[in-house]
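Just below is one structure, and these are the notes that go with it.
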Amino acid sequence: MEKSTYEVAALSGLAASVSVVLAAATPWGLGLSPDSVVYIGAARSLAQGLGFSLPTDSAAMAPVVHYPPLYPALLAMASFSGLNVIAAAKWLNVFLLCANVFLAGIIGYRASGLFPLAILTAGLVATAFPMALVHSMVWSEPLFMVCQSAALLFLLSYFRERACRSLIAAAVATALSILGRYVGVSLVISGAAAILWLGAERWKKKFLDVGIFLAVSSLPIGLWAARNRWVAGTSTNRKIGFHPAGLGELSAAVDAIGAWLSAFWNSPTNIQLVSVCVVVVGGLALGVSRRRLETNDAPANVPGIKMVSFLMALVAVTYLALLFLTISLFDAQTPVDSRLLAPGYVPSLLFVVSAWTLSAQRGPEHGRFRFVAPAIGLLVIGLQLPATLTWLQQHYRQGIGYSSREWQESETIKQLATRMPAAVIYSNAPDVIYALLGRPARMIPRRTMTASNLPNPNFHAELEQMNRTLQAANGVIVFFDRVNWRKYLPSATELESSLRLRLVTKTNDGAVYQAR
């Protein structure tokens, strides 16, 4: 089942075109969030030879252990080309989007044996809102997804050829996925389980291969955890608690997925027209390919497709299960949203493609039945494309997150940059100040603990300590009005009533205070 040069070129062209759209849609740069600031700060630190570290609330550099190192390391290396870290992140994500779409198409071919379905798979990935979301932000999910897809591709090669080189390549890609995001541990679990189920016939060989896979995939993160214990006394800076995920998180996941497909009806007319045109053009292309889709001799390796179906289902279920376990044991504040669900999109889609292909093979008129899958796929593209286009349109017009126009033109930020060279800054958005100005700032004391949602027992003592520090250093508190998502922080009114603060300046988007 060799793919022709034309087919590979068509798939490459689709992937490259989507990347060009992303580059053109982000003139303000990729979106920045609190997590983005950590990646950027760690990359700056690495580029400056200060190690994988960030400024802390005491203004000293502290090692980063809560986040794995691969994404910031790539940003630091890209910055050596002369680009600043934020610009380097944009071009890295443009490349990663191209790679993710291309790899999805290649695995889609393995999942169906049909090139039209491979192109449709790549098109579904290219137009999906969660893909546009994570690739247009300075986040590590795109890198994780490339590593995940590469690991899956190598695992499929191993199941087909039983070659040790494919097994080791899959383990290396899995190891890189964990160094991109700790949740890559789910790929270790699902990969080992798949090797036991689908690997060599002899159990001795199965266990040997599992041992090789586990050793190679776990060694790098084991060394990283040892480094973290050495420099910070903790492996990942997470404490075990019990705050079980329940129906609320499940409902949030369903709502997020529903939002991907329901945006069509609330979108502007021009976006609806573009979506309809894409579906019409896709339908014409599908008509041209109909004879190939309906032929009884269409390439379909049923045992191979069963392997794809099993592996993709296992990977998707393991990923989601580990997410809910993480929320239940480590971080109650983790939102179940499109970002969190994005890495599960590709394996879930590939499971559907492979399962549908198997169903079509079993039907008495499987050739005609196979034509239904692309038709439904085109309908899904038409439904999910408006959410993606609306998001990219917002990116193009005003940017997203801390890199948006309103932040870059913030009056409070300008006041800080030109009139307030304070040595000590406390803020409800220290990450914004660090990202936009490169000046370290400290977070104001938290009223509740972010990981457990429990009241902070040291809140009042920390307020008094902050007040003394401000008085001694003639520092300032910078409060941004638009930072309203940090419910664990006190409001400006609470700070004014708890401390004797003097209003230095009031801006159109915040205020600056000093201790009396």
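Oh and the sequence shown: position 383 is 384 in this note's numbering, straight run, nothing missing. Even for Gly, the Cβ is constructed at its ideal location relative to N, Cα and C. Every value quoted in this text rests on a predicted model; they were computed, and no experiment measured them.
What does a CB cutoff of less than 6 Å around residue 330 pick up in its chain, not counting 5 residues either side in sequence?
-> Along the sequence shown, read from residue 1 onward, the residue named residue 330 stands at position 329. Closer than 6 Å at the Cβ level, and outside the excluded window around residue 330, lie 241.
Task: Simplified DSSP assignment, three categories, for residue 297 - done: Stepping through the sequence shown from its first residue, residue 297 is reached at position 296. Legend: pLDDT at residue 297 = 46, less than 50; position of this residue unreliable, value from coordinates given subsequently. DSSP places residue 297 in coil when its eight states are reduced to three.
* To do: With DSSP as the reference, label residue 308 as helix, strand or coil.
  => Translated into the one-based positions of the sequence shown, residue 308 becomes position 307. Looking at residue 308 - three-state DSSP - the assignment turns out to be helix.
### Task
Report, in whole angstroms, the separation of the C-beta atoms of residue 403 and residue 433, which I expect to be a contact under 8 Å.
One-based indexing of the sequence shown puts residue 403 at position 402. One-based indexing of the sequence shown puts residue 433 at position 432. Indeed they touch by this definition, with Cβ atoms about 5 Å apart.
Quiz item: Cα separation between residue 356 and residue 464?
Solution: Position 355 of the sequence shown holds residue 356. Position 463 of the sequence shown holds residue 464. Using only the alpha carbons, I get a separation of about 58 Å.
Roughly how many angstroms lie between the CA atoms of residue 502 and residue 41, to the nearest whole one?
-> For the purposes of this step, residue 502 is taken as the residue at position 501 of the sequence shown. For the purposes of this step, residue 41 is taken as the residue at position 40 of the sequence shown. If you draw a straight line from the Cα of residue 502 to the Cα of residue 41, it comes to about 32 Å.
- Task: Compare the C-alpha of residue 182 against each of 344, 429, 22 and name the closest.
- Result: Start at 1 with the first residue of the sequence shown, and residue 182 comes out as number 181. That would be 344, whose Cα lies nearest to the Cα of residue 182.
**Request:** Leaving out five residues on either side along the sequence, give the residues of the same chain with a beta carbon under 6 Å from the beta carbon of residue 8.
**Result:** Numbered from 1 along the sequence shown, position 7 holds the residue referred to as residue 8. Cβ within range, chain order: 116.
Look at the alpha carbon of residue 161 and the alpha carbon of residue 109, and state the distance between them as a whole number of angstroms.
One-based indexing of the sequence shown puts residue 161 at position 160. One-based indexing of the sequence shown puts residue 109 at position 108. Going from the Cα of residue 161 to the Cα of residue 109 covers about 16 Å.
Note down the Cα distance separating residue 1 from residue 90, rounded to an integer number of angstroms.
Outside the modelled stretch of the chain, which goes from 2 to 517, sits residue 1, for which no answer is possible.
Residue 410 versus 374, 387, 359, 509, residue with shortest Cα-Cα distance: To locate residue 410, count along the sequence shown from 1; it is residue 409. The residue with the shortest Cα to Cα distance from residue 410 is 509.
- prompt: Which one or two residues does DSSP pair with residue 402 in a beta bridge?
  reply: Counted from its first residue, the sequence shown places residue 402 at position 401. Under the DSSP definition of a beta bridge, residue 402 partners with 33.
### Message
With H, G and I counted as helix, E and B as strand and the rest as coil, what does DSSP make of residue 186?
### Response
Here residue 186 refers to the residue found at position 185 of the sequence shown. DSSP places residue 186 in helix when its eight states are reduced to three.
Exercise. Do the segment 150-160 and the segment 89-105 make contact, defined as three or more Cβ pairs closer than 8 Å?
Worked result: yes
Q.
With a threshold of 6 Å on Cβ separation, who are the neighbours of residue 471 within its own chain once the five nearest residues in sequence on each side are excluded?
A. Numbered from 1 along the sequence shown, position 470 holds the residue referred to as residue 471. Answer for residue 471: 516, listed in chain order.
Please name the residue or residues paired with residue 507 in a DSSP beta bridge. Your numbering for residue 507 matches position 506 in the sequence shown. Paired residues: 512.
Report all residues from its chain with a CB closer than 7 Å to the CB of residue 272; omit the five preceding and five following residues, and keep chain order.
Here residue 272 refers to the residue found at position 271 of the sequence shown. Counting only Cβ-Cβ distances below 7 Å, and skipping sequence neighbours, we find 387, 390, 391.
**Q.** Contact check, residue 15 vs residue 98, beta carbons under 8 Å
**A.** In the sequence shown, the residue the question calls residue 15 occupies position 14. In the sequence shown, the residue the question calls residue 98 occupies position 97. No. Outside cutoff.
Review point. Residue 477 to residue 427, Cα distance in whole Å?
Key: Here residue 477 refers to the residue found at position 476 of the sequence shown. Here residue 427 refers to the residue found at position 426 of the sequence shown. Their backbone Cα atoms lie some 6 Å apart in a straight line.
Tell me the start and end of each unbroken alpha helix (DSSP H) in the segment 71-135 that is at least 4 residues and wholly inside, in chain order. 71-80, 86-113, 116-128
- Message: Quick check on DSSP: helix, strand or coil for residue 449?
- Response: The residue you call residue 449 lines up with position 448 of the sequence shown. Residue state, collapsed to three classes: strand.
Flag this pair as touching only if the segment 219-226 and the segment 173-188 have three or more C-beta atom pairs under 8 Å; answer yes or no. yes
One question on the structure: do residue 414 and residue 358 come within less than 8 Å of each other, judged by their Cβ atoms? As a working mapping, residue 414 is identified with position 413 in the sequence shown. As a working mapping, residue 358 is identified with position 357 in the sequence shown. In this structure, residue 358 does not lie closer than 8 Å to residue 414 by Cβ.
* Please go through the same chain and pick out, in chain order, the residues whose beta-carbon is closer than 7 Å to the beta-carbon of residue 127, but skip the five residues on each side of it. => Taking the first residue of the sequence shown as position 1, residue 127 is located at position 126. So the qualifying residues of the chain are 15, 19, 102.
Q. Could you give the residue range of the alpha helix (DSSP H) that holds residue 221?
A. For the purposes of this step, residue 221 is identified with residue 220 of the sequence shown, where counting begins at 1. Here the alpha helix (DSSP H) through residue 221 covers 204-233.
Using DSSP with H/G/I as helix, E/B as strand and the rest coil, what is residue 502? Taking the sequence shown and counting its residues from 1, one reaches residue 502 at position 501. Reduced to three states, the DSSP call for residue 502 is strand.
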